[in-house]
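J.: I have a structure here, written as C-alpha cells, and I will follow up with some questions on it.
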DNA sequence: GCAAGGTC
C-alpha cells in the first residue's frame with residue numbers, strides 16, 4: 001500500500017480524484033477521511049492532515065511562570081508536541097500498513113515542515129518506509145499526473161528553515177511574554193503578550209496614536225461664495241484652498257464684487273478600471289468596509305468554502321489560471337436568484353476574461369463563487385461575505401466604468417474661483433460592485449463667458465486634521481505591505497491585540513496598557529518592536545534553504561541576541577514594571593464617580609482579594625460596587641438610563657461579551673445578563 | 001497561560 005499525505009482534506013480529495021480517475025472511495029480513520037483506490041495492482045490511501053501536526057513547546061517542568069526566570073528559558077531544549085491526536089493516530093495507523101509514503105503537502109516552507117513532521121511520525125511506527133516527495137504548485141489534472149510520475153526527495157533544508165521560524169518565535173514570544181507579564185503582575189487571564197508579528201503591529205498603532213495626540217492643528221481659511229445662474233444656485237470656492245493668514249483671506253474677501261464671469265469649463269473623461277481578482281487581503285479589507293472584522297470575515301469565508309459556495313479563502317494570488325472555466329462559474333451562478341440576471345448579462349455579452357492582478361502564484365486561484373447561493377438560505381453575515389465575493393468576481397469580468405469630471409473656473413473681481421463635479425457616464429463594473437461608488441456631483445449648465453450673480457460670500461475658519469487611525473481593513477493591508485504575518489494569520493494577530501486589551505474599537509484605538517507595552521519594547525527590546533525582525537528572519541531562512549547556514553546557527557545567534565536584551569531588561573526591571581503598571585492603572589479607570597466626580601476604578605479588596613469598583617476619593621468618598629470575579633473587565637462610556645450608573649463589559653472565555661450596570665439593583669440588569677445567548681461570534 | 005504558522 002502506498003500512503004499519500006496531504007496538508008488538508010481538500011487537497012487529499014482532489015488528488016485522489018485525479019489519480020484514481022474518480023474511482024476512489026472514502027473511509028474514516030479516527031474521524032479523519034481517507035481516500036482509497038487501487039491501480040495496477042497497487043493500493044493507495046490518501047490522507048489529508050489539518051495543517052501542522054506538531055508544535056514546539058517547552059517541557060512541562062517549565063509550565064509554571066512564577067517558578068522559572070524567563071531568561072532561563074532562552075537556552076532550554078524545546079520539545080515538539082502533537083496538536084491533534086486523531087490526525088496523528090490516523091497517520092500512524094495508515095503508515096503501519098504502508099510500504100512507501102509520498103509527502104504531498106503544499107510546496108512551501110510551512111508545507112515542507114508539515115510534511116517532515118509527518119515523516120517523523122511515520123518513522124516512529126514504520127522506520128524502514130521508503131519516502132518520496134510530490135512537488136506541485138497547483139492541483140490540476142496534468143500537473144498532478146506528471147508530479148506523481150516524477151517523484152522527488154524531501155527538501156530537508158526547506159523544512160529546517162520552517163523549524164528555525166517556529167523555534168525563534170516561541171523563544172522570543174515566551175521569554176518576553178512571561179517577563180513583561182511577571183514584572184507587571186498581569187497573570188492568567190490578564191497576561192500581556194509579545195511576539196515577532198503582534199508587537200510591531202501594536203507599535204504601528206501606538207505610534208500613530210501618539211502622533212495624533214501630539215498633533216498641533218494649523219488654522220487656515222477658505223472663501224466660499226454662493227452664486228446664481230438663471231434660476232440655479234450653487235457654491236464655489238476660492239482656488240487658494242488654504243489661506244494660511246487670516247488677513248490675506250480678508251483682503252481677498254473685501255475685494256469681491258457682485259458679479260462673476262465663467263472663464264473656462266473643462267470636461268475630462270476618466271476611466272475607472274475594474275478591480276483585480278480577490279485575494280485574502282482584499283476580502284478582509286472590503287469586508288471591513290462593510291462592518292465585518294477580519295477575524296469574523298475569515299471565519300465566515302471558511303464556512304462558505306466548506307459548504308462549497310466559494311473557493312479556498314487563503315490566497316495571495318490575484319491572477320486567474322486558465323484552468324478556471326469562467327463561463328462555467330457564471331452558469332452555476334444562475335442557480336442564485338439574486339445573481340441570475342447579472343450572470344446572464346455577462347454570458348450574453350460574452351465577457352469571460354477576468355482582470356489580472358499584480359500578484360501571481362499558482363497554489364490557489366483568487367477567491368470566487370463556486371456555487372449559486374440564495375439569500376434566504378444564508379445568515380445575514382454569511383450572505384454579506386458571499387455577496388461581496390460574488391459581486392467582486394462579476395466586477396472583474398465587466399467593462400471599465402467612465403466618469404466625467406468637470407471643473408469650471410469663475411473669475412470674481414480678478415479672483416479665481418472654481419467648482420468641480422463628476423458623474424458616472426458608464427457604470428461598467430460599478431454596476432456589480434456598487435458598495436464603494438462615489439455619488440455624482442451634478443453642476444448647473446454653464447457656458448464660457450457667461451455672467452453669474454454673487455448672492456453671498458463667506459470666510460470659513462478651518463484647521464488641519466491629524467492623521468487618521470487605522471481601521472481593521474487598512475491595518476490588514478499595512479501588515480501585508482510591511483511583510484508582517486501571512487494571509488492566514490493577519491486576522492488572528494489583530495484579534496489577539498483586542499483579546500490582550502491592547503486596543504479597542506474600530507478604527508483601532510490603543511489603550512494605555514498597549515501604549516505602555518509598545519513603549520517598553522521600543523525602548524528596551526527594539527528588535528521585536530519593528531518589522532525588521534521578520535525581514536531578517538526571512539533572509540536567514542533563505543540562507544538555510546540554500547544550505548549556507550544551519551538552523552542551529554541561526555537559532556543560536558537569535559538566542560544570544562535575546563539574551564543580551566534580557567540582561568539589560570532585567571537590570572531595568574523596576575522601571576519597566578512601573579511604566580507598564582502605570583499604563584494598566586489608567587485603563588482601570590471605569591469613569592467618573594457620581595458622588596464626588598473623582599475617578600471610579602477597578603480595585604482589589606485587601607483581605608478577600610476580591611475585585612470591586614471603588615472611588616479613588618476613598619475614604620472621603622465611599623461609592624463602591626461589586627464586580628463579577630471571573631472574566632476580563634473593560635470600561636465603556638455608556639451610562640445606564642435606568643439606574644444612572646456606568647456600564648462595563650465582562651468578557652468570559654467562549655462566551656459573548658456582556659454589558660453590565662455597576663448598580664446590581666438596576667432593573668435592566670436581568671435583561672442585559674440574559675442577552676448572552678444568541679451567537680458565539682461577536683463583532684469587535 | 002507564552003508565538004506564529006498551518007488548518008477545521
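In the UniProt record's numbering, the protein residues as written are 1 to 684. The C-beta atom is built at its ideal place from N, Cα and C for all residues, glycine as well.
Please classify residue 178: is it buried, with 16 or more other beta-carbons within 10 angstroms of its beta-carbon, or exposed?
T.: By the 10 Å Cβ count, residue 178 comes out buried.
J.: I'd like to confirm the pairing. Which residues does DSSP put opposite residue 238 in its beta bridges?
T.: Residue 238 is bridged to 417.
J.: Spatial neighbours of residue 495 within its chain, please: CB distance less than 6 Å, with the 5 preceding and 5 following residues excluded, ordered by chain position.
T.: Taken in chain order, the residues that qualify are 295.
J.: Quick test of your reading: residue 476 and residue 622, contact by CB under 8 Å. State the CB separation rounded to the nearest angstrom.
T.: Between residue 622 and residue 476 the Cβ distance is about 47 Å, and since that is not below 8 Å, they are no contact.
J.: With the cut-off set at 9 Å, would you say residue 666 and residue 649 are in Cβ contact?
T.: Not closer than 9 Å, so no.
J.: Run through the region 137–173 for me and flag every whole alpha helix (DSSP H) of 4 or more residues, listed as ranges in chain order.
T.: Counting whole runs of 4 or more residues, the region 137–173 contains the alpha helix (DSSP H) stretches 141–149.
J.: Helix, strand or coil: how does DSSP classify residue 130 here?
T.: Strand.
J.: Classify residue 24 as buried or exposed, calling it buried when 16 or more other Cβ atoms lie within 10 Å of its own Cβ.
T.: By the neighbour-count rule (16 or more Cβ atoms within 10 Å), residue 24 is buried.
J.: Could you name each continuous alpha helix (DSSP H) segment of 4 residues or more that falls completely within the region 402–490, going from the start of the chain to the end?
T.: Those alpha helix (DSSP H) runs which fall completely within the region 402–490 and span 4+ residues are 472–482.
J.: From the DSSP secondary-structure annotation, give me the bridge partner or partners of residue 102.
T.: Answer is 4, 132.
J.: From which residue to which residue does the alpha helix (DSSP H) around residue 253 run?
T.: That run of the alpha helix (DSSP H) goes 246–255.
J.: On the three-state DSSP scale, how would you describe residue 225?
T.: Looking at residue 225 - three-state DSSP - the assignment turns out to be strand.
J.: For residue 300 versus residue 368, is the C-beta spacing smaller than 9 Å?
T.: Contact flag unset, no.
J.: Out of 65, 656, 463, 533, which one is the CA nearest neighbour of residue 217?
T.: Ranking 65, 656, 463, 533 by Cα distance to residue 217 puts 463 first.
J.: Helix, strand or coil for residue 187? Go by DSSP, reduced to three states.
T.: It is coil, neither helix nor strand.
J.: The beta strand (DSSP E) spanning residue 197 covers which residue range?
T.: That residue, residue 197, is in no beta strand (DSSP E); it is neither H nor E in DSSP.
J.: Between which residues of its own chain and residue 687 is the CB-CB distance below 8 Å, once the five residues before and five after are set aside?
T.: In the structure as shown, the chain begins at 1 and stops at 684. Residue 687 is therefore absent and cannot be evaluated.
J.: Using DSSP with H/G/I as helix, E/B as strand and the rest coil, what is residue 597?
T.: Of the three classes helix, strand and coil, the one that applies to residue 597 here is coil, per DSSP.
J.: To the nearest angstrom, report how far apart residue 164 and residue 172 are at their CA atoms.
T.: The alpha-carbon atoms of residue 164 and residue 172 are separated by roughly 12 Å.
J.: For my contact list, residue 453 and residue 228 are in at a C-beta cut-off of 8 Å; report their separation, rounded to the angstrom.
T.: 4 Å between Cβ atoms; contact.
J.: Note down, in chain order, each residue of its chain lying with its Cβ closer than 6 Å to the Cβ of residue 110, except the 5 sequence neighbours on either side.
T.: Excluding positions up to five away in sequence, the list reads 162.
J.: For residue 119, collect the residues of the same chain with a Cβ closer than 8 Å to its Cβ; drop the 5 residues on either side in sequence, then sort them by chain order.
T.: Answer for residue 119: 101, 103, 131, 154, listed in chain order.
J.: I'd like to confirm the pairing. Which residues does DSSP put opposite residue 28 in its beta bridges?
T.: DSSP lists 33 as partners of residue 28.
J.: Secondary structure at residue 243, three-state DSSP: helix, strand or coil?
T.: Strand, per DSSP.
J.: Quick one: give me the first and last residue of the beta strand (DSSP E) that residue 651 is part of.
T.: From DSSP, the beta strand (DSSP E) with residue 651 extends over 646–651.
J.: Going straight from the alpha carbon of residue 157 to that of residue 287, what length do you get?
T.: Answer to the nearest angstrom: the Cα atoms are 38 Å apart.
J.: Between the C-alpha atoms of residue 390 and residue 257, what's the straight-line distance to the nearest angstrom?
T.: Those two C-alpha atoms are separated by around 55 Å.
J.: Which one of 527, 107, 231 has the shortest CA to CA distance from residue 362?
T.: When only C-alpha atoms are compared, the closest one is 107.
J.: From this set, 433, 185, 450, which residue's C-alpha is nearest residue 262's C-alpha?
T.: Minimum Cα distance to residue 262 is reached at 450.
J.: Can you grab the Cα-Cα spacing for the pair residue 535 / residue 398, in whole Å?
T.: Spanning the two alpha carbons is a distance of roughly 38 Å.
J.: What residue ranges within the region 569–637 form continuous beta strand (DSSP E) runs of no fewer than 3 residues, ordered along the chain?
T.: Runs found: 589–592, 599–604, 611–615, 624–626.
J.: If we call anything under 9 Å between Cβ atoms a contact, is residue 50 one with residue 9?
T.: Their beta carbons are under 9 Å apart, which means residue 50 touches residue 9 by this criterion.
J.: Can you tell me which of the three DSSP states residue 203 falls into?
T.: The answer is helix: DSSP assigns residue 203 an H, G or I state.
J.: Look at the alpha carbon of residue 307 and the alpha carbon of residue 314, and state the distance between them as a whole number of angstroms.
T.: Approximately 16 Å between the Cα atoms of the pair.
J.: Out of 73, 421, 438, 196, which one is the CA nearest neighbour of residue 529?
T.: When only C-alpha atoms are compared, the closest one is 196.
J.: Once the 5 residues before and after residue 642 are set aside, which same chain residues still bring their CB inside 8 Å of it?
T.: 661, 666, 667, 668, listed in sequence order.
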